[in-house]
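Data first, discussion second: the structure below is written as structure tokens.
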Amino acid sequence: MTRLSSLFCLISLCFFTACESGSKSDNSKVKPSPKTGLNISEVNFGTTSDGPAKLYTFSNKNGMQVKLTNYGGIISSILAPDRDGQIADVVLGYDSLASYLAGSPYFGGTIGRYGNRIAKGKFKIDGIEYSIPINNEPNTLHGGNRGFDKRLWEAEMIKTETQVGVELTRTSADMEEGYPGNLQVTVRYLLNNANEISMEYLATTDKKTVVNLTNHCYFNLAGADSGTINNHELQIKASSFTPVDETLIPTGEIRSVEGTPFDFRQATAIGARLEVENEQLKFGGGYDHNFVLDRTSEKLELVASVYESTSGRLMEVLTQEPGLQFYGGNFLDGSNIGKGGKPYEFRTGFCLETQHFPDAPNQADFASTILEPGQTYQTKTVYRFTTK
Ligand code: GLA
1057 MTRLSSLFCL ISLCFFTACE SGSKSDNSKV KPSPKTGLNI SEVNFGTTSD GPAKLYTFSN
1117 KNGMQVKLTN YGGIISSILA PDRDGQIADV VLGYDSLASY LAGSPYFGGT IGRYGNRIAK
1177 GKFKIDGIEY SIPINNEPNT LHGGNRGFDK RLWEAEMIKT ETQVGVELTR TSADMEEGYP
1237 GNLQVTVRYL LNNANEISME YLATTDKKTV VNLTNHCYFN LAGADSGTIN NHELQIKASS
1297 FTPVDETLIP TGEIRSVEGT PFDFRQATAI GARLEVENEQ LKFGGGYDHN FVLDRTSEKL
1357 ELVASVYEST SGRLMEVLTQ EPGLQFYGGN FLDGSNIGKG GKPYEFRTGF CLETQHFPDA
1417 PNQADFASTI LEPGQTYQTK TVYRFTTK
């Protein structure tokens, strides 16, 4: 256990000891915190084949609120203020567990063991070939048939003076979905009073394996049911991206964004260049590409921002990861009926998935995603919400 996780255990322990004397209603535990304005509560969310799921609601002093279930580590709602202090839910998702169980295009899910695609469901480690499920013909997408977004996680509430949220843990057993090694995973979703949601991922293994964890929130900063995201202005600090073939597997090339619709180094409306004749836009059905971030260190750095001018909401992305999958909601087609009974139409949500590059296990020139026994996979991403 790392020093950091011991600290969190200690904090969680103190927290729970403190909570036990608190008042409990039938189905919920609410712990108001007048001093910090950070609060968390828990309710039953329904039953999965692995057992009962919970829904956690945590909030800060600015009225920002996150809902997260330990089924799939799914963020189902993020309430964020606009420039006038009006609150709206800025992520796509469902009202009920049943809808998530019935099928979701990864709305808000915690993605693993491997985010994005692995070509033809195969990779080798030390000459041994592993086969993983092909769930996105002809490739594997987001872990396989039952990735981490479809598993029940152990959950513990965390509340400190500065942050509130949930720590999720699970063991992905050796050969689960075909990946080698028992992988112990911890993911912490925490909110602070600076309107930052941090996502911290940790993992260890007992056999050499591959790991690439991320979160798959679909954002619409005008509000989850307010139409297209094409007017959102996106900036990504990336001088290059990884072009793909027609099955969305990277070709291996690192291509400059200069003079292409993939140049988001200056803030540009998402939809401004979608109609440009471009093979990569054709293959992606729009934007569905990994951007190679211009980093100066391996520390948490600001790598992207999105601004929605009618609400004034600005979302900034900070990460330690080398890549960012910008997906423009090209597969949304109105067939997912979301919160409040609203269908999610074409390009009404976008994802900015921080990650190592897609198909890295088969691409010798991409940063390695191998995790070995004795190493700790540790990475952090922050989504910060402000207005202007
Ligand atoms: C990722 C992929 C997309 C799509 C979505 C989920 O962003 O890159 O191609 O599969 O997930 O629908």
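Quick note on numbering: this note's numbering labels position 251 of the sequence shown as 1307, and the sequence is numbered without any gaps. Ideal placement from N, C-alpha and C gives every residue a C-beta, glycine not left out. As the structure is a computational prediction, the values presented were derived from the model and not from experiment.
*Using 8 Å as the threshold, is the segment 1404 to 1422 in touch with the segment 1238 to 1254, meaning 3 or more CB pairs across them?*
no
*asked:* Strictly by DSSP, which residues pair up with H1345?
replied: F1382
*Exposed unless 16 or more other CB atoms sit within 10 angstroms - verdict on R1202*: exposed
*Taking Cβ to Cβ, would you say Y1257 is nearer than 8 Å to I1188?*
no
*Can you check whether the CB of T1225 is closer than 8 Å to the CB of V1241?*
yes
_Residues near F1318 in its chain [Cβ-Cβ closer than 6 Å; skip 5 each side]_ = F1297
*How would you call S1084, buried or exposed, if buried means at least 16 neighbouring beta carbons within 10 angstroms?*
Annotation note: pLDDT 42 at S1084 (below 50); position unreliable, coordinate value reported separately. The residue is exposed, with fewer than 16 neighbouring Cβ atoms inside 10 Å.
*Look at G1128 and K1178 and say whether their C-beta atoms are less than 8 Å apart.*
no
_Quick check on DSSP: helix, strand or coil for L1157?_
helix
*Within 8 Å, strictly: CB atoms of V1147 and I1134*: yes
*Rounded to a whole number of angstroms, what is the C-alpha to C-alpha distance between E1098 and G1107?*
16 Å
_Judging by CA-CA distance, which residue of K1293, R1244, A1109 is the nearest neighbour of V1362?_
K1293
*Burial state of N1100, where buried means 16 or more other Cβ atoms lie within 10 Å*: exposed
*Nonlocal neighbours in the same chain, by C-beta distance under 6 Å from F1320, ignoring five residues either side*: L1290, Q1291, I1292
_Reduced DSSP category for T1425 - H, G, I as helix; E, B as strand; rest coil_ = coil
*asked:* Tell me whether N1172, by its Cβ, gets closer than 7 Å to a heavy atom of ligand 1.
replied: yes
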